[in-house]
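Let me begin by presenting the structure, written as structure tokens, before commenting on it.
Residue numbers (UniProt numbering): 1 to 707.
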């Protein structure tokens with residue numbers, strides 16, 4: 001046996017094999033004669049199964065927690081009917097030998113319930129059948145029918161509510177899919193329970209018919225075939241028939257009770273026992289009940305001792321309920337007092353604490369250490385807030401939507417000169433600045449090395465030095481670029497927000513863009529959104545475009561493009577890729593003026609073919625040898641440094657099939673580089689190739705690492 005076969009056998013689902021085999025065994029029981037000992041085993045297993053199902057139904061917190069109940073009910077009913085067929089065969093064939101012919105379980109039930117009186121046994125069985133058929137099964141069936149009807153009627157409204165929450169951005173696509181699945185499962189469950197209740201009714205009726213067959217047929221068989229007298233035949237076959245009926249009917253009654261519990265169960269976070277105990281644990285209910293029992297216990301002629309005992313037990317339960325309620329109230333009062341005591345004993349504050357102080361719900365927040373507080377304080381002459389506002393204005397124009405406001409607040413948990421940018425609760429950037437210093441960036445002709453704190457410029461990663469203000473004339477004389485700390489922080493924030501632009505826009509922002517467009521193109525907006533493109537899909541496409549650093553200011557062109565291929569069943573990424581050729585010109589005019597050639601970097605044909613082969617092996621990106629990747633990134637890093645020295649951005653042009661994979665590979669290492677496809681380049685734009693990247697020296701294809 002090879003390893004593959006062994007692995008398949010090791011992964012064999014035994015549960016998936018046991019159920020079909022069990023059903024085949026049940027069907028075989030109707031055909032193959034079973035010995036009495038085997039019948040005893042199956043009868044005990046049937047009772048165990050019914051008790052297990054009942055306990056699971058009691059402890060289920062909501063009906064869907066036991067969604068397999070209809071199938072279990074069908075299997076259990078079939079098992080019980082198969083046992084009836086098998087026991088009937090044994091009763092009619094071997095009943096003349098005595099009441100032990102059908103096994104010890106049937107004999108024990110017959111002797112215990114009948115107790116020597118045939119008529120009493122038949123009446124007890126009839127009462128059980130009436131309880132099961134006319135009360136429990138009928139009620140459960142009616143509840144299932146009504147629940148299924150109301151659930152089906154409510155499905156359209158629930159689906160519309162899910163779609164509304166999805167369009168509003170309250171649910172993700174996965175959460176909406178899960179909600180729809182739950183609604184469909186609930187409707188299927190109650191529909192199945194409506195049909196499963198018919199199993200219970202049919203089982204009770206079948207029990208009556210089987211009892212009649214065993215009684216009449218057994219007496220006839222005993223008298224005609226085995227020569228028994230009427231009294232002897234009646235004594236034997238009535239015991240066997242009633243015992244057999246009781247053994248089958250009691251599990252049926254338990255399953256009917258479980259079905260009734262499931263369909264009448266409301267969806268809560270507790271089990272049925274916990275919910276009932278909590279709702280009945282009310283002192284105001286136990287006290288009147290105890291009083292009524294006490295009054296009845298004082299009436300002459302009544303069983304006074306029993307009623308008075310019941311009144312005492314009810315009064316005790318009421319006292320325990322009162323103590324439990326009182327203890328819960330006291331604990332809540334102590335907690336509130338402990339919470340309020342520090343606030344009451346504290347000195348009056350100059351400014352009250354607001355909910356925003358304890359729960360930061362700002363979409364964008366800048367946390368600064370106490371050493372940077374003067375930058376944000378207008379009283380100290382700081383203009384950090386105004387610099388951030390100016391940055392937001394420019395970034396909003398560049399991206400095409402209003403960037404959310406940045407909330408600036410101090411954080412004593414940070415280092416004195418540290419700052420941290422959060423989007424929601426996620427930290428996206430952090431660095432250090434000095435409020436009493438200036439950042440000096442060396443130029444091409446810089447010769448001196450200034451004294452100060454040597455750092456990396458947080459925005460572009462260049463070597464820089466934080467110098468004292470009095471060193472400024474010296475630095476400027478040596479071709480250093482001097483930047484104040486407010487501009488350093490604001491520029492860094494602008495770079496980070498541009499990279500995370502897709503995280504800054506939501507359905508409300510997209511709707512605001514649509515409302516603005518509707519003033520000049522109302523027909524276009526009404527035709528496309530939401531008829532052709534739902535709001536949540538449009539939001540996802542715009543987020544993808546922003547993640548690719550494409551501006552979304554031209555909403556008219558975006559809607560027209562989405563309308564053209566709305567019937568093509570494209571995914572979010574594919575729709576964004578299809579929109580690129582019409583939106584890239586907006587990006588290029590921000591990178592380089594129209595009057596100048598667009599400087600681009602290309603890849604040699606050999607290098608591009610190599611990368612294409614790695615893309616075919618890895619659909620989600622490029623799988624390159626670490627050494628090869630390092631050399632390639634080094635070449636591209638030099639190209640970016642050369643472009644930055646000229647005040648330009650690094651723009652790389654590759655084939656259309658390679659663009660997305662190459663961009664995913666490059667972005668973690670060179671986040672400021674732009675990767676364009678050949679189709680992205682407009683025909684009216686002049687292109688100038690500033691550099692071509694070839695295969696790194698010493699490395700020949702294929703330099704691949706299997707992944």
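Think of the CB as a built atom: it goes at the ideal place given N, C-alpha and C, for glycine as much as any other residue.
Boundaries for residue 367: no alpha helix (DSSP H) harbours it, while the beta strand (DSSP E) harbouring it runs 364 to 368, taken from the DSSP string. In the DSSP annotation of this structure, the continuous segment of the alpha helix (DSSP H) that includes residue 543 starts and ends at 535 to 547. An exposed status is given to residue 378, since fewer than 16 other beta-carbon atoms sit within 10 Å of its beta-carbon. In this structure, the alpha-carbon of residue 63 lies about 6 Å from that of residue 262.
Where residue 674 is concerned, the enclosing beta strand (DSSP E) starts and stops at 674 to 677.
Taking a C-beta distance under 8 Å as the contact criterion, residue 676 and residue 653 qualify as a contact pair. Taking one beta carbon from each stretch, the segment 488 to 499 and the segment 509 to 529 have fewer than 3 pairs nearer than 8 Å; the two do not touch. In the pairwise beta carbon analysis, the segment 37 to 52 is classified as touching the segment 247 to 256: at least three pairs are separated by under 8 Å.
Straight-line measurement puts the Cα of residue 506 at about 21 Å from the Cα of residue 566.
Cβ contact annotation for residue 577 (same chain, cutoff 6 Å, sequence separation greater than five): none. Each residue's CA atom was taken as its position, placing residue 215 and residue 93 some 13 Å apart. When secondary structure is reduced to three states using DSSP, residue 529 falls in the coil class, being assigned neither helix nor strand. Counting along the chain, residue 392 sits inside the alpha helix (DSSP H) bounded by residues 384 to 399. The C-beta distance from residue 242 to residue 122 rounds to 6 Å, short enough to meet the 8 Å contact threshold. Ranked by Cα distance from residue 259, the options 300, 389, 317, 71 are led by 71.
Taking the Cα positions, residue 467 is about 16 Å away from residue 447. Within the segment 421 to 451, the complete beta strand (DSSP E) runs of at least 3 residues fall at 426 to 432, 438 to 441. Distance from residue 253 to residue 218 at the Cβ level is roughly 24 Å; contact not present, criterion being Cβ atoms closer than 8 Å.
Distance from the Cα of residue 433 is smallest, within the candidate group 580, 651, 418, for 418.
Residue 283 sits away from residue 236, with the two beta carbons spaced by 8 Å or more.
According to the DSSP assignment, residue 410 belongs to the beta strand (DSSP E) that extends over 406 to 410. Excluding sequence positions up to five before and after residue 637, its CB lies within less than 7 Å of the CB of 670, all in the same chain and listed in chain order. Sorting 37, 50, 79, 302 by C-alpha distance to the C-alpha of residue 22 places 79 at the top. Listed in chain order, the non-local C-beta contacts of residue 380 below 6 Å within the same chain comprise 374, local neighbours out to five positions each way being set aside.
Looking at the backbone, the Cα of residue 683 and that of residue 544 are separated by about 25 Å. Cα atoms of residue 486 and residue 421: separation of roughly 14 Å, rounded to the nearest angstrom. Proximity to residue 319 across 288, 553, 437 peaks at 288, based on C-alpha coordinates. Contact between residue 439 and residue 404 does not hold, since their C-beta atoms are separated by about 27 Å, which reaches or exceeds 8 Å. Of the candidates 423, 181, 693, the residue whose Cα lies closest to the Cα of residue 603 is 693. Taking a 10 Å sphere around the C-beta of residue 59, we find fewer than 16 other C-beta atoms and assign the residue as exposed. With contacts defined by Cβ atoms closer than 8 Å, residue 297 and residue 308 form a contacting pair. Annotation for residue 483: the continuous beta strand (DSSP E) segment containing it runs 481 to 483. If you look at residue 76, you'll find it in the alpha helix (DSSP H) that goes 69 to 94. The bridge partners DSSP lists for residue 654 are 677.
With respect to the 8 Å criterion, residue 400 and residue 581 are not classified as neighbours on the basis of their beta carbons.
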